[in-house]
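Let me begin by presenting the structure, written as structure tokens, before commenting on it.
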């Protein structure tokens, strides 16, 4: 039998907040999936819009960079030799704190210089550390750090030196 | 202090809808995990039930196929040389629109002809594009597209030519 | 227009339960991400706290082991030759049943003996089977089973023999 106790605002506000945290984590995962897909489709304009205007970028082989435009220029140029590529991310993990968030994941990247020769590629992997900000355009990356743990393939196909 | 404003149907319906979207994405991820696991366990009957009866399948090396039964026959035969295998998927992303949905992910596949020699395998990777329908049996795949970005291993162990 | 029907406890309890299941799956995913990250950072104390005190561990090359401390000793010693490493997990899937849960996933592991030579590493992959218990410290692993499907790299860098 249903109990006709009146439900208070308080309880519903708690449920709403719990749903919001789950939605935020889903939105952060969705942002990083877009980050991978736009890079792999050479949509560098779409890729750059995953970052805040003042984002910081730190990846050893590509250097430290600041600002959406500079980050785009550096990465688009660096990855240009790969006409096809795959940015696989695993173990995405997010901690949301109001309008900021932190995250971690692993990268498994394959870069293919010649799409007609998919057997020839250079791969790297390692851990990401991210920071995010909630903005009018949704969650965006404000800090990106990547470290290389392993590499694979012919070093002459590497852009990571 | 709790506020004893009476909560309306409207607000609860909105919360219910937000939970449903999160559950749908979880169910779609679960479907694709089942797709991988059944294929890797050679449970092709279970694997075929991940598709709608009228599903479309498009993967270059295996061709274009229509219908659950045809898709099963083609894939079961094509992958038969791999006595052990691993369909790893990363970056699963789903967009739900009522009783249909779309999704993307990356594949990292390893096919092992001889389980006693796990060092000898042939691997491929690339992006998936999916469409789904909500049915009486839950969410099912209605369209599957896979493109190869990279390959790896001894080409004589490849079934993807 | 909003409908001022009074919402019952019953409906709110159902919504709360649905949110809880989604939160549980997120917490289990979070636990396994912590499992990977602590191992890769050589935080074996943190890693061991992912297991219940009486957990069972079964991974062919490392053997069968019982109890948090024994599992830690065996794994910490076995993986010591890898000064850098990456435990990537894909296809995490969880089924929650009250205060217990089951899960599956795939491993993609890279072990690097010398961080100055990231091109030289030994990799393995295969399916996990997990059992979990809800405890005062949150969800913990009570049973871990891993099977190797494929290996990769120079066998002289393998700790899995």
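Chains as they are written, first to last, in the working numbering: chain A, 1 to 161; chain B, 162 to 322; chain C, 323 to 483.
Just so it is clear, CB atoms sit at the ideal spot from N, CA and C, and this is done for glycine as well.
Predicted model only: the values in this text are computed from it and were never measured.
Check: Counterpart residues of residue 446 of chain C in DSSP-defined beta bridges; Outcome: C/431 and C/473
Check: Residues from the region 241–272 of chain B in contact with chain C, defined by Cβ distance under 9 Å; Outcome: 245, 246, 247, 248, 249, 250, 251, 253, 269, 271 and 272
Check: Chain C within 7 Å of residue 183 of chain B, Cβ atoms only; Outcome: yes
Check: Straight-line Cα distance separating residue 243 of chain B from residue 319 of chain B; Outcome: 9 Å
Check: C-alpha distance - residue 126 of chain A paired with residue 85 of chain A, whole-angstrom precision; Outcome: 16 Å
Check: Collapsed DSSP secondary structure at residue 256 of chain B in the structure displayed; Outcome: strand
Check: Cα-Cα separation between residue 285 of chain B and residue 14 of chain A, rounded to whole angstroms; Outcome: 46 Å
Check: Simplified DSSP assignment, three categories, for residue 116 of chain A; Outcome: coil
Check: Cβ distance (whole Å) where residue 340 of chain C is taken to contact residue 184 of chain B below 8 Å; Outcome: 7 Å
Check: Buried versus exposed call for residue 181 of chain B [16 or more other C-beta atoms within 10 Å across all chains shown]; Outcome: exposed
Check: Residue 238 of chain B, DSSP secondary structure in three states; Outcome: helix
Check: Close-in-space but distant-in-sequence residues of the same chain around residue 416 of chain C (CB under 6 Å, 5 per side omitted); Outcome: 347, 350, 423 and 425
Check: Sequence-distant residues of its chain with Cβ nearer than 7 Å to residue 362 of chain C (five each side left out); Outcome: 407, 408 and 409
Check: contact_flag[the region 294–304 of chain B, the region 270–285 of chain B] where n(CB pairs < 8 Å) is 3 or more; Outcome: no
Check: is_contact[residue 330 of chain C, chain E] using C-beta, thresh 7 Å; Outcome: Among the chains of the structure shown, chain E does not appear; the protein chains present are A, B and C.
Check: Proximity winner among A/143, A/67, A/111 and A/52, relative to residue 164 of chain A (alpha-carbon distances); Outcome: Chain A is shown from 1 up to 161; residue 164 of chain A falls before or after that span and cannot be answered.
Check: Chain-ordered chain C contacts of residue 149 of chain A [CB-CB under 9 Å]; Outcome: 362, 406, 407, 408, 432, 434, 437, 440 and 443
Check: Residue 216 of chain B classed as buried or exposed, judged by whether at least 16 other C-beta atoms fall within 10 angstroms; Outcome: buried
Check: Among A/63, A/97, A/129 and A/90, the one whose alpha carbon lies nearest that of residue 108 of chain A; Outcome: A/90
Check: Interface partners of residue 125 of chain A on chain C, CB under 8 Å; Outcome: 408, 410 and 432
Check: Nonlocal neighbours in the same chain, by C-beta distance under 8 Å from residue 375 of chain C, ignoring five residues either side; Outcome: 389 and 390
Check: Contacts around residue 209 of chain B, its chain only, beta-carbon distance under 6 Å, and the 5 residues preceding and following it disregarded; Outcome: 229 and 233
Check: Buried versus exposed, by CB contacts within 10 Å (16 or more), residue 427 of chain C; Outcome: buried
Check: Buried/exposed call for residue 153 of chain A, threshold 16 Cβ in 10 Å; Outcome: buried
Check: C-alpha distance - residue 469 of chain C paired with residue 199 of chain B, whole-angstrom precision; Outcome: 16 Å
Check: Backbone secondary structure at residue 136 of chain A - three-state DSSP; Outcome: coil
Check: DSSP-derived helix/strand/coil call for residue 16 of chain A; Outcome: helix
Check: Limits of the unbroken beta strand (DSSP E) element including residue 224 of chain B; Outcome: 224–227
Check: Residue 359 of chain C, DSSP secondary structure in three states; Outcome: helix
Check: Beta-carbon gap between residue 145 of chain A and residue 129 of chain A smaller than 7 Å; Outcome: yes
Check: Chain A within 7 Å of residue 393 of chain C, Cβ atoms only; Outcome: no
Check: Neighbouring residues, chain B, relative to residue 26 of chain A (Cβ below 7 Å); Outcome: 183 and 186
Check: Chain A contact for residue 468 of chain C (CB, 7 Å cutoff); Outcome: no
Check: Residue 304 of chain B at chain A interface by Cβ criterion, 7 Å; Outcome: no
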